[in-house]
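There are 4 protein chains.
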Amino acid sequence: MTDFAAIAAQLEGQAIELPSWAFGNSGTRFKVFATPGTPRSVEEKIADAATVHRFTGLAPTVALHIPWDKVDDYPALRRFAEEHGVRLGTINSNTFQDDDYKFGALTHVDPTIRRKAIDHHLECIEIMDATGSRDLKIWLADGSNYPGQADLRGRQDRLAESLAAIYERISDDQRLVLEYKFFEPAFYHTDVPDWGTSYAQVAALGDRAMVCLDTGHHAPGTNIEFIVMQLLRLGKLGSFDFNSRFYADDDLIVGAADPFQLFRILFEVIRGGGYGPANPDGHSEVAFMLDQCHNVEDKIPGQIRSVLNVQEMTARALLVDRAALAAAQDAGDVLGAHQVLMDAFYTDVRADLAGWREERGLPGDPMRAYAESGYQAEIEASRVGGNQLSWT
Amino acid sequence: MTDFAAIAAQLEGQAIELPSWAFGNSGTRFKVFATPGTPRSVEEKIADAATVHRFTGLAPTVALHIPWDKVDDYPALRRFAEEHGVRLGTINSNTFQDDDYKFGALTHVDPTIRRKAIDHHLECIEIMDATGSRDLKIWLADGSNYPGQADLRGRQDRLAESLAAIYERISDDQRLVLEYKFFEPAFYHTDVPDWGTSYAQVAALGDRAMVCLDTGHHAPGTNIEFIVMQLLRLGKLGSFDFNSRFYADDDLIVGAADPFQLFRILFEVIRGGGYGPANPDGHSEVAFMLDQCHNVEDKIPGQIRSVLNVQEMTARALLVDRAALAAAQDAGDVLGAHQVLMDAFYTDVRADLAGWREERGLPGDPMRAYAESGYQAEIEASRVGGNQLSWT
Amino acid sequence: MTDFAAIAAQLEGQAIELPSWAFGNSGTRFKVFATPGTPRSVEEKIADAATVHRFTGLAPTVALHIPWDKVDDYPALRRFAEEHGVRLGTINSNTFQDDDYKFGALTHVDPTIRRKAIDHHLECIEIMDATGSRDLKIWLADGSNYPGQADLRGRQDRLAESLAAIYERISDDQRLVLEYKFFEPAFYHTDVPDWGTSYAQVAALGDRAMVCLDTGHHAPGTNIEFIVMQLLRLGKLGSFDFNSRFYADDDLIVGAADPFQLFRILFEVIRGGGYGPANPDGHSEVAFMLDQCHNVEDKIPGQIRSVLNVQEMTARALLVDRAALAAAQDAGDVLGAHQVLMDAFYTDVRADLAGWREERGLPGDPMRAYAESGYQAEIEASRVGGNQLSWT
Amino acid sequence: MTDFAAIAAQLEGQAIELPSWAFGNSGTRFKVFATPGTPRSVEEKIADAATVHRFTGLAPTVALHIPWDKVDDYPALRRFAEEHGVRLGTINSNTFQDDDYKFGALTHVDPTIRRKAIDHHLECIEIMDATGSRDLKIWLADGSNYPGQADLRGRQDRLAESLAAIYERISDDQRLVLEYKFFEPAFYHTDVPDWGTSYAQVAALGDRAMVCLDTGHHAPGTNIEFIVMQLLRLGKLGSFDFNSRFYADDDLIVGAADPFQLFRILFEVIRGGGYGPANPDGHSEVAFMLDQCHNVEDKIPGQIRSVLNVQEMTARALLVDRAALAAAQDAGDVLGAHQVLMDAFYTDVRADLAGWREERGLPGDPMRAYAESGYQAEIEASRVGGNQLSWT
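Chains as they are written, first to last, in our numbering: chain A, 27 to 418; chain B, 27 to 418; chain C, 27 to 418; chain D, 27 to 418.
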C-alpha cells in the first residue's frame, strides 16, 4: 500500500474550476430559495469564488456563463479576478433561455434561429479572446418532448453543420467542448444524449473539439468510469462537470451521493493519463470543473466541501498500489485485486491532507476556517438591496 | 372479441378532472416559456377548462390549487364555474413554495412550521366546504438532499401526527388523499416516496384517507398496474394523477410516452372495480385527474388530447374479452392470453368514438373542432396585459 | 393519412432472421423448463424455423450459433435448410461457455486465451464460407464483476487488437457485426457496454465492420430509436437483435413489452434508409433478426408471433404520412406532429395484413393456422428420446 | 466524533447468517463455472460455513435451502453443525425449480399445485422443528412474463390464502418471513414485487409474519435505508438478505458495489433499534443474512470478505456522533449534518477491528489467515469425485 508521503507531491497543482453560477440562487422547477448574502453582480460571484480558493488552494479559476455573466469590459473583469487571486476560465454558452430556442438552437429547423445561436457562440469566442479562456463549453438543451415532434436525423445533421461553423472560429489555443446529457429539459429525445453522440460530433470537427463529461448526465446504472477510460483512450476527454446524484441530474455536491463512484472515476482519470501531475509532460488536457446546484445548502461552504471532496478522493485514488493491482489482475485473483482498490478507498487521508494544507499556508480545516472567518456575516450584511442573481 | 356497441354504454359518464394549473405557464428549472392567451386569473383558467369540457364532454370538474387559486369569494367562483358548465373539484394544498418549508412542512422539526402547514390544510378544508369539493389532495415536497441532513424516522412519525391533525377535520363526505412521489424536488430522500408509505400512513388514519397514484411518480421499470391492482384490493386507491413520462416526472400528456402502459393501467382499474360504470352501485370512488405540465405544447389542445387519450384507452380496455382472457389464463396458454389483451389494444376505436360523440351532440373530432372554433384567437386577442399565471 | 394499399408493396420481401437457439430450451439462472417437442439436433431446429417461414413468409433465413450448431458437414446442412425452404444466415460466435473464458475472451490478459478466442472466430469465418453466410456476429460476455478486478483500459486495447485479427480474415462480401450490451453476465463492467464503444471499435476496423443493436441491451430509459438514427447516419448500423423487455435483458417477444417503442424504432429505420424496399438500390444493409428467450411460452408460436409483430409494426411505420409530419414539424406544431405519428400507430392493420398474406398464398392468421396444422402434435410425438437442446 | 473504544462493546455478538448455497457453484443463465473444492454434500457446505465462522467469529449460523439441503436425519445434521461450531438457521423454501411451478406456486390457478406448494412449506416447518430454526423464509419466483398472461388480482388473493395456510402452522417461537423482489425470474409482473406488497400480506397474517429485505431486490435508485426505517417503524422488518449490485439482482459481495449505501442502511438499522446490542432488551429481532452468488470469485474467501464488510460498516455506523447529528439536523445545518455522517463513514476502522479480533483470539486479518491456513488446498485435494453442488 502506497503511503501519503509518496503521493503528496502529485496533489500539487490540482485545480478545480468553479462555476460562477454556483454562487447565485438555484433550485428546482418547484421553488428557488433565496439566501442572504447572495451575489448581485458578476464581481460578487467572482469574489465568492476567490474566497473558496483562498481557503482551499484548489480553485484558481472561475467559469463564466454567457449571458448571465455578460459585462461591458472583460479586460476589467479579468483584472478584477486576478486582483482577487483567481483567473477567468471556461466560457459556457447559453441557448436555453431565449424564447426563440423553444424548439432548439443549433439544431432548429429555422436557419435564422440557428444563425442566432451560432452567432451567440461566436460572441462567446470573442469573450474568450478577451478573458484569455481556453475552453468554450457547449451544453445544449435541444431536444423534443413528444415522439414525432421533431425529425431526429435532420436535427443531428444540422447540429453537425452548426458546430462546424463555430469550430472554424476557435483559435489554435482554444477548444470546443461538447457536453452530453441523458435528458432534461427535453423529455423525449435530447440531441446530444450520450457520450457516443458527443464523440461522433466532435471527432468530425477536429483535434481541438472534445467531449465534456458531466457526472450527473447518464442513464441509471451507467458505468461512468468506463466512459472516462474510453474517452481518454480515444483522446477526446476534454473536461468534467463534477456533481453527484441519486436519481436524475440532481446536481448535488460531488462525492455526496456515491463516494466510491467518484473514487473509481478519479482512478480511471489517473490510470488513463488524464490527471495533471501524473502526465509525462507535466500537465493534463482534462479540465476539472464543478457544476452543481445548491438548492438547500449554503453556497460557499458547499463549494469548499466540493473541492475538498475531489481532492480527498484524488488522494485516495493516487494511493492505489498499481503494481499490486496489476499483479492480482493478471493472476485472476478477483478478491485480491478488488481488495487493493478498497484498501486505498478506505484509507483515511483527512489528517494527512490537513497537514499538507497547513504546510502550504492553508487552513487545515477549510470548512471550519471559513465558518470562523466572518466572510459569510460580512456578505450578508453588505449585500443588501439589488437583485440576487439566479439561473433564470 | 367484444365490439364497440357492447361497451358504448360504459363510456357514459366518464369524468376526468382537469387541474386549473394546466392552463397557466409551466416549464422546467431551466425555462418557463410564455404563450399568448395564457390566463391571468382563476376565472380565465376555469373558462379554459370549461372549454375542454365543451368540446369533449369528458371533463366536468376543475381541481384548484391553494394558494394559486385563492379567491375572496368561493361561492362566487363556484357559481362562475357552474355557469360555464363545470364544477369545482379536488382541492390541492401547496407546501412547497414558502421559504418556511425549505426543510419540510408536515414533517418539519419545528412545531411552529408544522402547525403552519397543518393550518394551511385546515384552510383548504374550509375552502372545500365552500366549493363543495370532496377531496383534499396532499402532495408533499418534504424530503432531504443529503444523507444525514434529516432524521428519516422522526420525520415519518411527525408526518403521521400532522396527517392525523388534518384528518380529524375532514367531514364524513370528504376524503384526504395522500400522493407519493419517487423523487423531486428532494434528491436524497422523500418522505412519501412510494405507495407502501402512503398506504401505511393513510391506513393509520381511517376509511376516508386514501392513496393518490400519479403515473409519473415511480422508479424506472415499476409495474404501475400492479400497484393499481393492489391498492384497489386493499380498498385504498383514492385517485389518479394522469400524465406520462420517458424518464422521471416528465409530466407529459397521458398516453403519449407509453400508450400500452396506460391501457394496462385502465384494464386493472376496470378489473378491480375502480371504473365507475362498471361498479355495482353505479359509481366509483376512484377519481381520475390529469396532472401534466405543458412546457412546449399548446395548453388547451394539450388537455383535450389528454382526456381523449384516456377515453380512447378506456374504450380499448373495456373491449378486452374477459371470458376469453380468463379461459386462456386458466389453461396456461401464455400466448393466447397475451393475444386477447393485444387484440383489444390494437383495435382502432377512433371512428367509433367519433360517432359516439356525435350522437351526444359533441364534435366528432374535438381537436379539429377546437382549432376551428376561434377560441384560441379570441383569448390571444383579449388576454393582453396583466400577469400570465404560472406555477411559481 | 397514407392507406394500406399505398404501402403494401413495401412489405414485399421483408425478411426477419430466426435464431436456431430460439427453438431449444432456454430460461433463467433459476430454472430452464423443458417442453415436449423440443429439437434434439440442428436439423430439427432448422425444421422448426422453416415451419415459421412456411406459415408467415417472413423468415427465410436461420442464424447459427457455434459451437451449439456445429456439424461435420456444412454443405449438407445448407442443402437441408434449402430443401426446407430456408437459408443459413448469420453465424454467431460463442465465447462465454468455456471455462477458459471465465475472465474474458478477446480481452483476456493471457495471450493464449485471446488466441483461442480469435481462432474460434476464424473457425466461424470458415463456417461462413461453407454456409454462404454474410455476417459474423460477435457478442462478448467479457467484463468483470468487481471494481479493481480488471484493467478496463488494457482490456479495451486488447479487444481492438483481437478484433483486428478477426477482421482481416473477413472476405469482401462478409461483415463483422459487433453487439453491445449494458450488463449481464458481467455485473460491474462490460467491455462493449454501449453503442459508442461498439462504434469506436468497428470504426477503427473498416467498412465491413458494423454495430449490432439488440433492443434489450440498454440502460433503463434509453431512447433506442435515437441510436438507430445515429448509427444509420454514421453508416454503421449492421443489424438488429429484436426482442423486448420491461427490466433488463428480459428477452421477451419483440413488441410485447412496449409496442410503441418498436413502432418508433421501425419508423427511424425507414426514415434513415435502413429498411430494404425503401432503399434506392432496392436492398438494405441492415439485417433484422430475432434474439429472444422463450422461457414460459411455446417456442414455434412464439417465433411466429414475433415476426408478425415486426411485420405489423413495419406496416404501421410505413403508414406515417411523412409529408404531413414534416410540415407539422417545420411549423413547430408539437401536438399536430405527434398526432401524425399516433394516427399511423393506432391504425389497425391486422385485417389488411391478413388479406395481404392470403393474396400471397399464406394463411391469413398464421397463429391459428399453425395451431390447427398438427405440426406441434407431430413433433411432440416424434421427438422422444435423445437430449433436448438448450443454451447450456 | 465517537471513537472506536466507545463502540467496541456493541460489536460483541454480531451475527451474520451464511447461506449454505453460497458454497456451491452458482452463476448466470449463460454459464456456471465449476471450481475445485466445491462441496458435494450438505455436510461439506456446513464445514465450509463453519470455516468462515472460525476465521471471523461473525457467522455462527447456516441457513438451509429445501430441497437443496434435504437430508434424512436432521438431528444428525444439527449435531454435525454444532460439532463444527455453528448452528442451523433459517429454512428457505424453494418453489421455483419444479416443472409444476412454471406458472406459479402459492399463487397458481390450480388448487392442486397450490396445495403442493403449501405442503412443501409445511414440510419446511417440520424441518425447522427438527433443526431448531426460528425463521421460515419464503421467496417466491411467482409472476408472469407477458401482460395478460395472468390475473394479477386473483393471484394476490390466492397468495393471501396460501400464506394463511402456512402461517397457521408456524409455532409461537417461529416466524414466517416474506421476501419481495422487483423482478426476475418473472419479467412482466412479480407477485411480491415490493416492500408494500410484502408488508400488506404479512400484516394480514399476524405478529409472527415479517418482511425480508434483500438489498438487491429494488428498482434502480430506490432509497433502501428509507424502507429499512419504515419497516422498523411498522415493526415488520424480519430479516436482511445482504448482497450488492450495480444493475439488477447481481448478487455481488455485500458492500462491494456501493459501500456508502451499506453504511446508510446499517445506520438506519441502528437508529431504528434493529441492531442487537443497541436494543433495550439486549437482542434484535432482525436477522442478518448473506444471499450472494459467487460467480467468478472464490467462495469461502468471498463469504469471509462479506461478513467482514458488514462488520466494518457496522462499526462505522456505530461511530456516528448521533448527538451532534441531531443538533445539526435540528439547526437546519445541511452541510454540518451531512458532515457528521461522512466523518464516521470515512473513519478507517480496519486497524481497530484487527486489534479487536486479536483480543478475542481471532486472526487480525481473516482473509490472509484463511489464505495461509491450507484449508483451500485441503478441500481441493480431498473433494475429488462426486457431484459438485450447485443451485440447479
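Glycine included, each C-beta is placed from N, C-alpha and C at the ideal position. Values in this document were obtained by computation on a predicted structure and should not be read as measured data.
- From the beta-carbon of Asn171/C, the residues of chain D found nearer than 8 angstroms are Asp276, Leu278, Asn321, Val322, Glu323.
- Apart from sequence neighbours up to five positions away, the residues of its chain that approach Ala283/D with a beta-carbon distance below 7 angstroms are Ser270, Arg271, Phe272, ordered along the chain.
- In this structure the segment 235 to 245 of chain C touches the segment 273 to 292 of chain C; the number of beta carbon pairs closer than 8 angstroms is three or more.
- Legend: CB atoms of the segment 200 to 217 of chain C lying less than 8 angstroms from CB atoms of chain D belong to residues Phe208, Phe209, Glu210, Pro211, Phe213, Tyr214.
- The bridge partners DSSP lists for Phe268/C are Leu316/C.
- At a cut-off of 8 angstroms, the C-beta of Gly242/A has no neighbouring C-beta in chain C.
- Taking a Cβ-Cβ cut-off of 7 angstroms, the neighbours of Leu361/A in chain D comprise Glu323, Asp324, Pro327, Gly328, Arg331, given in sequence order.
- Comparing alpha carbon positions, the residue from Asn413/B, Gly264/B, Met339/B, Glu398/B closest to Ala313/B is Gly264/B.
- In the displayed model, Pro65/C falls within coil according to three-state DSSP, outside both helix and strand.
- For the beta strand (DSSP E) assignment, the uninterrupted runs of no fewer than 3 residues enclosed by the segment 123 to 182 of chain A are, from N- to C-terminal side, 161 to 164.
- Taking C-beta separations shorter than 7 angstroms and ignoring five residues to either side along the sequence, the partners of Met154/C in its chain run Ile117, Leu162, Gln200, following chain order.
- Secondary-structure assignment with DSSP links Pro45/C through a beta bridge to Ala89/C.
- Under the DSSP assignment, Asp240/C falls in the beta strand (DSSP E) whose first and last residues are 235 to 240.
- Per DSSP, the unbroken beta strand (DSSP E) holding Ile117/B starts and ends at 113 to 118.
- Residue-level contact by beta carbon holds for Pro285/A and chain D, with a gap shorter than 8 angstroms.
- Its chain contains Leu44, Ser46, Phe49, Ala85, Val88, Val112 as the residues whose beta carbon lies nearer than 7 angstroms to that of Ala75/C, once the 5 sequence neighbours on both sides are disregarded; these appear in chain order.
- Contact check for Pro392/C against Phe81/C passes: the beta carbons are separated by less than 8 angstroms.
- Cβ-Cβ separation between Arg290/A and Glu251/A: approximately 4 angstroms, consistent with a contact (criterion under 8 angstroms).
- In the three-state DSSP reduction, Thr216/A falls in the strand class (E or B).
- Asp177/A is not a Cβ neighbour of Leu132/A, given a cutoff of 8 angstroms.
- The beta carbon of Thr28/A sits no closer than 8 angstroms to any beta carbon of chain D.
- Using beta-carbon distances, Gly53/A counts as an interface residue toward chain B, with a partner under 8 angstroms.
- Using a Cβ-Cβ cut-off of 8 angstroms, Gly247/A counts as an interface residue toward chain C, since at least one Cβ of chain C sits closer than that to its own.
- In this structure, the CA atom of Arg160/C is about 15 angstroms from the CA atom of Pro101/C.
- Note that the C-beta distance between Asp183/C and Tyr206/C is not below 8 angstroms.
- Phe81/A has a beta carbon lying at 8 angstroms or more from every beta carbon in chain D.
- Secondary structure note for Glu251/A: its alpha helix (DSSP H) is the uninterrupted segment 250 to 259.
- For Leu288/B, the closest of Glu311/B, Asp126/B, Asn249/B by C-alpha to C-alpha distance is Asn249/B.
- Interface with chain A (8 angstroms Cβ-Cβ cutoff): Ala176/B is excluded.
- In the three-state scheme derived from DSSP, where H, G and I count as helix and E and B as strand, Arg104/D is classed as helix.
- The alpha-carbon of Gln365/B is positioned some 13 angstroms away from that of Asp324/C.
- Counting only residues of its own chain and dropping the five nearest sequence neighbours on each side, Tyr396/D has a CB closer than 7 angstroms to the CB of Phe81, Ile326, Pro327, Ile330.
- At a cut-off of 8 angstroms between beta-carbon atoms, Tyr273/B makes contact with chain A.
- Secondary-structure assignment with DSSP links Val203/D through a beta bridge to Lys163/D, Met236/D.
- Contact annotation: Pro211/D and Thr28/C have beta-carbon atoms that are not nearer than 8 angstroms.
- Bounds of the alpha helix (DSSP H) holding Ser224/C are 221 to 231.
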